[in-house]
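Just so we're aligned, residue 0 is where the sequence shown starts under numbering that gives the first Met the number 0, counting upward by one.
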Amino acid sequence: MDKTPMLNRRKFISRSTQALALIPLVTVSEGQVWAAERITLDHPTASALGYVHDALKTDTTRFPKRLGPEGAKQFCSNCSQYKQTEEGWGTCAIFPNYLVAGPGWCNVWVPIT
Ligand code: SF4
Numbered sequence: 000m001d002k003t004p005m006l007n008r009r010k011f012i013s014r015s016t017q018a019l020a021l022i023p024l025v026t027v028s029e030g031q032v033w034a035a036e037r038i039t040l041d042h043p044t045a046s047a048l049g050y051v052h053d054a055l056k057t058d059t060t061r062f063p064k065r066l067g068p069e070g071a072k073q074f075c076s077n078c079s080q081y082k083q084t085e086e087g088w089g090t091c092a093i094f095p096n097y098l099v100a101g102p103g104w105c106n107v108w109v110p111i112t
């Protein structure tokens with residue numbers, strides 16, 4: 000006779016449910032990059048591109064692209080590289096694995112077409 004303990008149906012369902020509960024559920028929309036961290040101003044690429052969390056604080060001497068009436072309309076939130084993921088923050092194709100601020104700006108700003 001086989002002495003191997005049998006896993007009955009009730010135990011199987013219970014253990015399966017417990018195992019599933021341990022799997023973290025992460026929903027990522029199509030085309031969206033998982034980004035856990037908000038970018039900092041001292042990030043080398045951010046610094047080189049003049050990224051700021053608040054577009055009104057852009058150094059327009061270094062980055063005149065944001066000067067004038069058209070420049071004043073430029074924000075991350077209306078840049079083609081931006082996808083909002085949470086209130087006021089989103090992903091940017093220029094900064095993989097980071098979040099940028101919706102009211103922010105950098106010199107790569109491209110209008111949504
Ligand atoms: Fe913001 Fe666009 Fe620059 Fe990304 S590329 S930091 S979304 S302005």
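For each residue, glycine too, the CB sits at the ideal point set by N, CA and C.
Cβ-Cβ distance between residue 103 and residue 42 below 8 Å: For the purposes of this step, residue 103 is identified with residue 104 of the sequence shown, where counting begins at 1. For the purposes of this step, residue 42 is identified with residue 43 of the sequence shown, where counting begins at 1. Not in contact: residue 103 and residue 42 (Cβ atoms no closer than 8 Å).
Neighbour-count burial assignment, residue 180, 16 or more Cβ in a 10 Å radius: Since the first residue of the chain shown is 0 and the last is 112, residue 180 is not available in this structure.
Near ligand 1: residue 103 beta-carbon under 7 Å from a heavy atom: For the purposes of this step, residue 103 is taken as residue 104 along the sequence shown, with counting starting at 1. Yes.
Contact check, residue 54 vs residue 74, beta carbons under 8 Å: In the sequence shown, residue 54 corresponds to position 55, counting from 1. In the sequence shown, residue 74 corresponds to position 75, counting from 1. Contact flag set, yes.
Residues sharing a beta bridge with residue 86, DSSP: Within the sequence shown, the letter at position 87 stands for residue 86. Paired residue(s): none; residue 86 is not in a bridge.
According to DSSP, residues forming a beta bridge with residue 36: Residue numbering aside, residue 36 sits at position 37 when the sequence shown is read from its first letter. Its beta-bridge partners are 97.
Residue burial classification, residue 65 (beta-carbon count within 10 angstroms, cutoff 16): Position 66 of the sequence shown, counted from the first residue, corresponds to residue 65. With 16 or more other Cβ atoms within 10 Å, it is buried.
Residues near residue 94 in its chain [Cβ-Cβ closer than 6 Å; skip 5 each side]: For this step, residue 94 is matched to residue 95 along the sequence shown. Once the five neighbours on either side are set aside, the close Cβ partners of residue 94 are 38.
Of the listed residues 56, 71, 57, nearest to residue 110 (C-alpha basis): By 1-based counting over the sequence shown, the position of residue 110 is 111. Ranking the options by Cα distance to residue 110, first place goes to 71.
Beta-carbon proximity list for residue 79, same chain, < 8 Å, skipping 5 on both sides: Counting from one through the sequence shown, the residue named residue 79 turns up at place 80. Result list for residue 79: 109, 110, 111, 112, in chain order.
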